[in-house]
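Chains as they are written, first to last, in the numbering used here: chain A, 8 to 332; chain B, 2 to 334.
Next up, the structure:
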């Protein structure tokens with residue numbers, strides 16, 4: 008039982024249950040399974056993005072360009088759809104994945120081959136990708152009436168009680184879980200975060216692994232690009248502006264250490280759900296949506312304070328010994 | 002086989018031959034600045050007008066003020082992503098004070114004190130609780146701007162007194178605006194503090210090896226706390242300038258400034274990993290960013306496309322010395 012409580016995901020899950028309980032006292036319908044399914048569906052995109060960000064953060068890197076990647080890829084597939092409605096939606100999803108992969112590979116290449124810190128690279132590509140969205144679209148929007156019905160409705164089709172969007176999220180979660188816990192690359196990603204030097208001696212190609220995680224986060228950004236555009240049925244340069252920090256916030260709340268090496272798929276998913284529940288709950292319990300930002304800010308700070316207690320490494324105690332002597 | 006290692010010679014002062022000055026980061030920035038300046042003056046006939054050039058400075062002075070303090074913070078190995086949110090919160094507080102009938106001196110004081118308070122809050126969380134600054138300030142970024150949103154919602158504060166307009170719109174002499182004068186004075190002060198005092202030396206030392214500093218008797222926590230306060234203070238001052246220039250406050254004011262300020266710092270040659278950098282580089286980077294945005298603006302290039310140039314500039318300027326070194330090593334290997 009004690010070892011069970013050691014997992015921070017359990018505490019986060021307990022926090023989420025308490026949160027849902029509290030909301031239910033103000034709005035009884037919130038804990039209704041149908042509503043919870045709705046919340047899950049609403050949070051799907053954030054969950055997917057948080058998983059992509061997680062693998063990057065685990066290797067002591069960061070990808071600030073995910074939201075811009077999402078915006079660019081979303082615009083590309085929306086324009087393709089508007090120009091050629093005949094292209095089937097699954098093909099567009101594959102295109103979105105590929106475009107995202109290319110953008111991610113650019114980040115990864117700069118980090119891998121030129122050894123530029125990832126925060127600098129992605130700070131640059133954050134503005135470049137969003138600017139590129141403007142260049143390809145000429146500043147124009149792609150509206151709902153320009154998109155084909157199939158493009159919009161693909162993710163809304165209900166299969167076995169859940170919309171396709173939720174199924175995609177579940178599929179991505181399952182894939183990440185398998186990769187992170189059952190494969191060599193998953194192990195390497197954790198190893199690099201815990202100790203990059205030891206990883207080199209253990210035969211892990213640190214640079215190449217970082218390249219791979221940026222490719223993963225890029226593909227995730229691309230996938231989320233299609234999902235976002237078809238969900239909110241508008242593609243513009245402003246899509247998901249500033250969202251990169253929400254994604255990182257979900258990871259931080261989920262207990263993923265920014266210092267690398269600590270974090271889990273479950274944590275990232277729960278962190279995203281926590282933010283999703285707050286944004287879904289505020290309107291139904293009559294709190295102005297303007298409170299959302301301050302609440303998630305407080306949640307981030309609280310999460311860091313709580314997580315830091317668990318992960319603080321044993322410092323050197325040379326001084327203390329000397330004092331005692 | 003002898004065990005005694007060769008005596009290590011560590012010079013008190015590194016040689017500074019002319020060649021190292023020519024190939025320094027600052028020299029690269031000066032060349033880029035001159036190139037952009039020349040291209041701009043050929044591209045647009047309006048560019049070389051003194052008043053245009055004066056307008057140009059408004060593009061970077063506010064962010065530049067923040068970047069000066071941010072440079073010290075990044076050199077010490079920390080970062081502050083909440084600066085733009087501090088600007089928003091300080092501006093909101095000034096707006097509230099205006100509604101209560103406060104005069105210009107009170108407004109300025111409120112802006113500065115709120116900035117300082119926010120910076121101290123960040124500093125306490127990072128130094129007292131030992132938390133990573135990038136995460137803490139992502140949190141406080143949402144918190145500070147969130148408070149501004151709670152107070153203002155979709156409203157705006159207006160009605161700032163006329164004398165308040167001087168800070169963002171006034172001129173000290175001829176085409177030299179108050180903002181530019183303040184930026185240059187602040188740059189001089191920061192240059193002196195970072196490069197000519199023991200405090201500055203400690204900031205570099207902390208960035209290079211915080212543990213060694215701790216053992217050498219440098220109060221790492223206290224110095225970092227002071228740096229966070231300084232960054233908050235500069236954000237507060239920037240908030241006064243922006244609010245005065247715009248004459249109104251919305252909770253979305255200064256959105257995205259944190260990334261632009263950090264871009265300036267990194268473009269200025271400050272290592273994002275800490276321990277290296279110079280104020281001169283940051284000032285040059287501020288001018289370059291101002292030149293790029295203004296020059297492209299004269300050519301009717303939309304702001305979002307300019308951001309591509311800034312992003313490319315950032316990556317290329319960082320990548321160039323690395324590629325250059327590789328090329329030379331490859332040749333001499």
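Think of the CB as a built atom: it goes at the ideal place given N, C-alpha and C, for glycine as much as any other residue.
Item: What separation, rounded to the nearest whole angstrom, lies between the Cα atoms of residue 2(B) and residue 113(A)?; Value: Any reading at residue 2(B) needs caution, since the residue's pLDDT is 43, under 50, leaving its predicted position unreliable; the model's value is listed next. Straight-line Cα distance between these residues: approximately 51 Å.
Item: Are the stretch 86-98 of chain B and the stretch 216-236 of chain A touching by the rule of at least three beta carbon pairs closer than 8 Å?; Value: no
Item: Just list the alpha helix (DSSP H) runs in the stretch 66-148 of chain A, keeping only unbroken ones of 4 residues or longer that don't cross its boundaries, in chain order.; Value: 73-90, 96-120, 125-144
Item: Among residues of its own chain, excluding the 5 on either side of residue 50(A), which ones have a beta-carbon nearer than 7 Å to its beta-carbon?; Value: 279, 280, 283
Item: Select from 99(A), 157(A), 24(A), 76(A) the residue whose C-alpha is nearest the C-alpha of residue 140(A).; Value: 76(A)
Item: Just the C-alpha distance for residue 83(A) and residue 84(B), rounded to the nearest angstrom, thanks.; Value: 33 Å
Item: Using 8 Å as the cut-off, can you tell me whether the stretch 253-267 of chain A makes contact with the stretch 66-74 of chain A, which would need three or more C-beta pairs spanning the two stretches below that distance?; Value: yes
Item: Residues of the stretch 102-127 of chain A in Cβ contact with chain B at a cutoff of 9 Å, in chain order, please.; Value: 117, 121, 122, 123, 124, 126, 127
Item: With three or more C-beta pairs closer than 8 Å as the rule, is the stretch 323-331 of chain B touching the stretch 267-281 of chain B?; Value: no
Item: Which of the three DSSP states, helix, strand or coil, is assigned to residue 3(B)?; Value: In this prediction, residue 3(B) scores a pLDDT of 47, lower than 50, which makes its location untrustworthy; no coordinate-derived value is stated.
Item: Would you report the Cα separation of residue 119(A) and residue 60(B), rounded to the nearest angstrom?; Value: 34 Å
Item: In whole angstroms, what is the alpha-carbon distance linking residue 144(B) and residue 124(B)?; Value: 15 Å
Item: Determine, using beta carbons only, whether residue 301(A) comes closer than 7 Å to chain B.; Value: yes
Item: Since residue 221(B) is in the alpha helix (DSSP H), which residue starts that stretch and which ends it?; Value: 221-247
Item: Can you tell me whether residue 97(A) is buried or exposed? The criterion is at least 16 other CB atoms within 10 Å of its CB, across all chains shown.; Value: exposed
Item: Tell me whether residue 180(B) is buried or exposed, calling it buried when 16 or more other Cβ atoms sit within 10 Å of its Cβ.; Value: buried
Item: Whole-angstrom Cβ separation of residue 65(B) and residue 287(B), contact assumed at under 8 Å?; Value: 4 Å
Item: Could you check if residue 157(A) belongs to the surroundings of the ligand MN, using beta carbon to heavy atom distance under 6 Å?; Value: This structure lacks the ligand MN, and indeed carries no ligand of any kind.
Item: If you draw a straight line from the C-alpha of residue 299(A) to the C-alpha of residue 291(A), how long is it?; Value: 13 Å
Item: Please return the same chain residues whose Cβ sits closer than 7 Å to the Cβ of residue 37(A), not counting the five positions on each side in sequence.; Value: 27, 30, 31, 288, 291
Item: So with CB distances below 7 Å, who are the chain B contacts of residue 135(A)?; Value: 309, 312, 313
Item: Closest Cβ-Cβ distance between residue 283(A) and chain B: below 7 Å?; Value: no
Item: Note down, in chain order, every chain A residue with its Cβ under 8 Å from the Cβ of residue 154(B).; Value: 295, 297
Item: Does residue 325(B) come out as helix, strand or coil in the three-state DSSP assignment?; Value: helix
Item: Measure the C-alpha to C-alpha separation of residue 142(B) and residue 248(A) and round it to an integer number of angstroms.; Value: 15 Å
Item: If you check the beta carbons only, do residue 304(A) and residue 112(B) fall under 7 Å apart?; Value: no
Item: At a CB-CB cut-off below 8 Å, which residues of chain A make contact with residue 267(B)?; Value: 127, 130
Item: What are the residues of the stretch 224-247 of chain A that lie near chain B, defined by any Cβ-Cβ distance shorter than 8 Å?; Value: 244
Item: CA-CA distance, residue 137(B) and residue 296(B)?; Value: 37 Å
Item: Contact criterion: CB-CB distance below 7 Å. Does residue 54(B) meet it with respect to chain A?; Value: no
Item: Verify the CB distance criterion: does residue 308(A) have a CB-CB separation below 7 Å to chain B?; Value: yes
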